[in-house]
Amino acid sequence: MTENSHVQEWAVRAERGSLPLIKLGTRIALWLGRPRARLFLYLVCLYFLASSPAAVRSSRQYLARVLGRRPRLNDVFGHYLTFASCLLDRVFLLNEQSEQFDIRIHGEEIVREIEQRGNGCMLFGAHFGSFEVTRAVGRCRSNLPISLLMYEENARKVRAALAAINPRLETEVIGLRRLDSLITVAERLSHGHFVGLLADRNVDGKDLVRYPFLGASAAFPQGPFRVAMLLQRPVVMMIGLYRGGRTYEVFFETLAEPVESRAEDNEGWIDGTMRRYVSRLEHYCRAAPLNWFNFYDFWA
Amino acid sequence: MRYPEIVALVTENHRAMTDSNDQNAQEAELARLIVKTLNLDLPAVKIDPQAPLYGEGLGLDSIDMLEIALAVSQQFGVKLRADDKDNVHIFSSLRSLNAYIQRNRAS
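Line order of the protein sequences matches chains A and B.
Residue numbering for the first sequence follows the working numbering, starting at 1 and increasing by one per position.
Residue numbering for the second sequence follows the working numbering, starting at 1001 and increasing by one per position.
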């Protein structure tokens, strides 16, 4: 493990780490309740702030770009605290306690319309804010069928971790890297599923395209956009912002209508959709800077 | 010719057909479709009918597999299914993919 990936490792641990620990943490959090459990977050954040210099550096690097000034220590602490809050709230959101939160939804009509059309769509999120809060919206809405697409190594663990947080919750997770995983995606879509994925990070470094992002060029994976093009589905961006306290704001917005046919040259559609995704991500970064959860050098 | 000799001849003939490194006419058509669909930078006749399509071999990934599945369904009306346990085998080579298409085309 490189020094650089320390907090990534932390994120990963918190997301898919040892199952008994997640179960125990979940039980303690549910027993304490959210207000008291939150007190522990301050200790946890202080600990990680002190023990992960590389992640603090990448947090500072990001904050300097988005704030346009030298970040102070309390900016970095706030960044950590936002991340930790979203992780903790996941426990409550996944355990049907969304009534504890004040969740404001924007663009819900987009979801409703796609649901009525019955053809499904691609839902593109990012490592930004809370993905769980958008899933809570899905469950409120008459069991919106959502499938999550992610790397196979993670898929198994995420499935298990979600089950550890709430055993009654069923989530469809499609592992990527299998030869027929995208054929599975095609089938789910034809059943009207919303296929969600996080489109800001690429693990294997393939098919990266650089776009201007917060003042410098950063690499984004083309794969998700190519899949949406090939399967001729609308691309909807989905972002759940943590606004502090118990407030979340969920945004759905259409990034692209489906291509009409695969026959013509569609590279322009892919490029245009990626540009919109990146520029909207930048918009949300400026709107709620501390929700950025890529704790590594994103501009490398 | 006695019976064992005939069997030997037929068996050998069959082995020659299935083990051959040359594409037959249907395989050649499928190879052209794959090269055209994926804009591969190699002549269709150069695809070894027995080499793996996915991963090592031709080095295709799951997006390429999706493109092939879409093209095959458009051209031959044969749907590749996600829950098919045989997918690893079906996509294991040009030959096995072609065999699958021919099997399902008629029905």
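Where is the CB? At the ideal position from N, CA and C, for every residue including glycine.
Check                                                                                                               : Outcome
Local conformation of A/Phe220 per DSSP, three classes                                                              : strand
Cβ separation of A/Leu214 and A/Glu257, assumed to be a contact under 8 Å, to the nearest whole Å                   : That pair is no contact at about 27 Å.
Chain A within 7 Å of B/Leu1066, Cβ atoms only                                                                      : yes
Close-in-space but distant-in-sequence residues of the same chain around A/Ser64 (CB under 8 Å, 5 per side omitted) : Looking at the sequence shown, residue 64 of chain A is not Ser but Ala. Hits under 8 Å: Arg70 and Pro71.
Distance between B/Val1078 and A/Glu132 (C-alpha atoms, nearest Å)                                                  : 38 Å
Distance between B/Phe1076 and B/Ala1044 (C-alpha atoms, nearest Å)                                                 : 18 Å
Proximal residues of chain A, C-beta to C-beta of B/Phe1091 below 9 Å                                               : Leu179 and Asp180
Option in A/Val56, A/Asp89 and A/Lys23 with minimal Cα separation from A/Arg36                                      : A/Asp89
CA-to-CA distance, B/Leu1040 to A/Phe128, given in whole angstroms                                                  : 36 Å
A/Tyr302 classed as buried or exposed, judged by whether at least 16 other C-beta atoms fall within 10 angstroms    : Summary: the structure shown does not reach residue 302 of chain A, with chain A confined to residues 1 through 300, and so no result is reported for it.
Cutoff 7 Å: B/Ala1069 Cβ touching any chain A Cβ                                                                    : yes
The alpha helix (DSSP H) enclosing A/His191, as first and last residue numbers                                      : Segment: none, A/His191 is in no alpha helix (DSSP H) and carries neither H nor E.
Same chain, Cβ closer than 6 Å to A/Phe298, five either side skipped, listed in chain order                         : Ala218
Rounded distance between the beta-carbons of A/Leu197 and A/Pro224, thought under 8 Å                               : 6 Å
For A/Pro289: DSSP bridge partner residues                                                                          : DSSP output for A/Pro289 lists no bridge partner at all.
Pair within 7 Å by beta-carbon distance, A/Cys121 and A/Phe194                                                      : yes
Extent of the continuous alpha helix (DSSP H) to which A/Ile105 belongs                                             : Run containing A/Ile105: none in the alpha helix (DSSP H); it sits in the beta strand (DSSP E), Asp102 to His106.
Residue range of the beta strand (DSSP E) that includes A/Pro212                                                    : Leu208 to Phe213
C-alpha distance - A/Ile174 paired with A/Glu187, whole-angstrom precision                                          : 12 Å
Contact with chain A by B/Ser1096, beta-carbon distance below 7 Å                                                   : no
Interface flag, A/Arg226 vs chain B, CB-CB below 7 Å                                                                : yes
Rounded Cβ spacing between A/Gln232 and A/Arg262 (contact assumed at less than 8 Å)                                 : 7 Å
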